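Novice: For reference, the structure I am asking about is given below.
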Amino acid sequence: MAIDVKFWGVRGSIACPSPDHVVYGGNTSCVEMRIGDHTLIFDAGTGIRNLGKDLIRRKVTEASIYLTHTHWDHINGFPFFVPAYNPAARFHVLAGHLKEQGGVERVFSAQMADPTFPVPLSAMQSKLTFEDFTVGTVLYPADGIAVRTAPLRHPNGATAYRVEHGGKSVCYVTDTEHMPGQPDEVVLDFIRNADLVIYDSTYTDDEFPAKVGWGHSTWQEGVRLCQAANVKRLALFHHDPDHNDAVMAGIEQQARSQWSNVFAARDEMVVVIE
Ligand SMILES: [Zn+2]
Ligand SMILES: [Zn+2]
Numbered sequence: 220m221a222i223d224v225k226f227w228g229v230r231g232s233i234a235c236p237s238p239d240h241v242v243y244g245g246n247t248s249c250v251e252m253r254i255g256d257h258t259l260i261f262d263a264g265t266g267i268r269n270l271g272k273d274l275i276r277r278k279v280t281e282a283s284i285y286l287t288h289t290h291w292d293h294i295n296g297f298p299f300f301v302p303a304y305n306p307a308a309r310f311h312v313l314a315g316h317l318k319e320q321g322g323v324e325r326v327f328s329a330q331m332a333d334p335t336f337p338v339p340l341s342a343m344q345s346k347l348t349f350e351d352f353t354v355g356t357v358l359y360p361a362d363g364i365a366v367r368t369a370p371l372r373h374p375n376g377a378t379a380y381r382v383e384h385g386g387k388s389v390c391y392v393t394d395t396e397h398m399p400g401q402p403d404e405v406v407l408d409f410i411r412n413a414d415l416v417i418y419d420s421t422y423t424d425d426e427f428p429a430k431v432g433w434g435h436s437t438w439q440e441g442v443r444l445c446q447a448a449n450v451k452r453l454a455l456f457h458h459d460p461d462h463n464d465a466v467m468a469g470i471e472q473q474a475r476s477q478w479s480n481v482f483a484a485r486d487e488m489v490v491v492i493e
């Protein structure tokens with residue numbers, strides 16, 4: 220079976236809908252991977268709202284939701300994820316960075332609380348379960364599907380995911396900061412020989428020096444890591460909201476001239492790994 224990847228939100232930091240953000244899209248991080256009947260969701264940024272509508276249309280009532288971390292741009296679409304209000308649905312939310320800090324359920328409850336949100340988490344009538352795993356754990360959402368995890372360099376922590384099925388693999392590696400000239404050995408090992416790597420490409424190498432410590436990386440570092448790790452394709456992801464369509468087109472063109480196996484992820488883009 221193939222791994223069907225669909226991008227529902229490709230931005231970092233904050234949603235940025237505008238007439239200048241139409242081609243690449245303005246929703247924050249959310250990626251769906253479908254393997255047969257199984258639906259895996261990565262992050263719950265504003266993109267998860269449209270994914271929710273699509274799940275209802277497809278009559279999908281069960282999924283696992285893997286969070287890289289719980290910064291706003293990765294969770295604040297969740298209150299608008301309509302399938303979670305359906306009593307017949309079930310969702311399992313997992314995070315790898317909060318075991319020592321009170322757990323992911325507490326963060327989700329706090330997000331949906333007075334006076335900043337009127338509907339509490341308990342209003343979500345689906346069977347909602349939460350799991351805090353130790354990063355490094357391998358998760359098995361179904362027979363024949365493995366989800367590996369690794370720690371990323373990011374303020375408050377973040378987790379990378381590698382989905383493996385039938386000899387194919389897709390890595391979701393956001394939000395992470397590199398050190399110029401020193402490839403992150405953890406990431407390098409984690410993505411080795413993957414068919415597709417979705418990588419934090421918030422900045423360009425030119426912009427990076429002004430953003431040290433912000434927890435993000437560059438498209439050039441993505442290319443360097445993927446080439447060194449024998450990766451087949453690289454998806455630039457977590458685009459800076461200040462990178463409008465014109466800037467993004469320039470970045471994509473420059474990246475592709477450096478390595479033809481790169482593309483910039485866009486809202487609602489589908490990539491099939493088979
Ligand atoms: Zn982010
Ligand atoms: Zn973050």
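Sequential numbering of the sequence shown, starting at 220, is according to the working numbering. Ideal placement from N, C-alpha and C gives every residue a C-beta, glycine not left out. Only a predicted model underlies this, so the values are computations on that prediction, with no experimental measurement involved.
Quick one: what's got a C-beta closer than 6 Å to V490's C-beta in the same chain, skipping five residues either side?
Specialist: Counting only Cβ-Cβ distances below 6 Å, and skipping sequence neighbours, we find V224.
Novice: Ends of the beta strand (DSSP E) at A468?
Specialist: No beta strand (DSSP E) holds A468; the alpha helix (DSSP H) holding it covers 464 to 477.
Novice: Can you tell me whether H384 sits near ligand 2, meaning its C-beta is under 6 Å from at least one heavy atom of the ligand?
Specialist: No.
Novice: Please classify Y359: is it buried, with 16 or more other beta-carbons within 10 angstroms of its beta-carbon, or exposed?
Specialist: Exposed: under 16 other Cβ atoms inside 10 Å.
Novice: Report the rounded CA-to-CA distance for T258 versus V323, giving the unit in angstroms.
Specialist: Near 20 Å, if we compare the C-alpha coordinates of V323 and T258.
Novice: Would you check if the region 360 to 369 and the region 318 to 333 touch, i.e. whether three or more CB-CB distances between them fall below 8 Å?
Specialist: Touching, no.
Novice: I need the straight-line Cα distance from T421 to V312, nearest angstrom please.
Specialist: So the alpha carbons of these two residues sit roughly 25 Å apart.
Novice: Let's see if you can read the secondary structure: which residues bound the beta strand (DSSP E) around A365?
Specialist: First-last of the beta strand (DSSP E) with A365: 364 to 371.
Novice: Kindly examine ligand 1 and report whether one of its heavy atoms sits closer than 6 Å to the Cβ of G495.
Specialist: Because the chain here runs from 220 to 493, residue 495 falls outside it and cannot be looked at.
Novice: Which of helix, strand or coil does DSSP assign to Q320?
Specialist: Three-state result, Q320: helix.
Novice: Any heavy atom of ligand 1 closer than 6 Å to the beta-carbon of H290?
Specialist: Yes.
Novice: Check whether the region 253 to 271 touches the region 462 to 473, taking contact to mean three or more Cβ pairs, one atom from each stretch, closer than 8 Å.
Specialist: Taking 8 Å as the limit for Cβ pairs, the verdict is that the region 462 to 473 does not touch the region 253 to 271.
Novice: Give me the residue from H293, P337, D414 with the minimum Cα distance to G228.
Specialist: Taking only the C-alpha atoms, the option nearest G228 is H293.
Novice: If you measure from the CB of G266, is any heavy atom of ligand 1 nearer than 6 Å?
Specialist: No.
Novice: Could you give the residue range of the alpha helix (DSSP H) that holds W291?
Specialist: First-last of the alpha helix (DSSP H) with W291: 291 to 294.
Novice: With a threshold of 7 Å on Cβ separation, who are the neighbours of R475 within its own chain once the five nearest residues in sequence on each side are excluded?
Specialist: For R475, where only same-chain residues beyond five positions count, the Cβ hits under 7 Å are V481.
Novice: Please report how far the alpha carbon of R411 lies from the alpha carbon of N449, in whole angstroms.
Specialist: Near 6 Å, if we compare the C-alpha coordinates of N449 and R411.
Novice: Check whether the region 368 to 383 and the region 332 to 340 touch, using three or more Cβ-Cβ pairs below 8 Å as the test.
Specialist: Counting Cβ pairs under 8 Å, fewer than three are found: no touch.
Novice: Over what stretch of residues does the beta strand (DSSP E) that includes V253 continue unbroken?
Specialist: Per the sequence shown, residue 253 should be read as Arg rather than Val. First-last of the beta strand (DSSP E) with R253: 249 to 254.
Novice: Is it right to say S232 is buried, meaning 16 or more other beta carbons lie within 10 angstroms of its own, or is it exposed?
Specialist: Per the 10 Å Cβ criterion, buried.
Novice: Between the Cα of D394 and those of L407, I417, A413, spot the shortest distance and give me the residue it belongs to.
Specialist: Measuring from the Cα of D394, the nearest candidate turns out to be I417.
Novice: DSSP beta-bridge partners for R277?
Specialist: R277 is not bridged to any residue.
Novice: Tell me, to the nearest whole angstrom, how far the beta carbon of E288 is from that of A377; I am working on the premise that it is less than 8 Å.
Specialist: Looking at the sequence provided, one finds His at residue 288 rather than Glu. Yes, they are in contact, since the Cβ atoms of H288 and A377 sit about 4 Å apart, within 8 Å.
Novice: Shorter than 6 Å, the distance from the beta carbon of D394 to the closest heavy atom of ligand 2, or not?
Specialist: Indeed, a heavy atom of ligand 2 lies less than 6 Å from the Cβ.
Novice: Return the chain-ordered list of same chain residues with a C-beta closer than 6 Å to the C-beta of C390, the five sequence neighbours on each side being excluded.
Specialist: If we look at C390 and ignore the five residues flanking it on each side, its Cβ neighbours are R381, I410, A413, V416.
Novice: How about G244: is its Cβ closer than 6 Å to a heavy atom in ligand 1?
Specialist: Outside the cutoff, so no.
Novice: Taking 6 Å as the line, does the beta carbon of G363 fall inside it for any heavy atom of ligand 1?
Specialist: The answer is no for G363.
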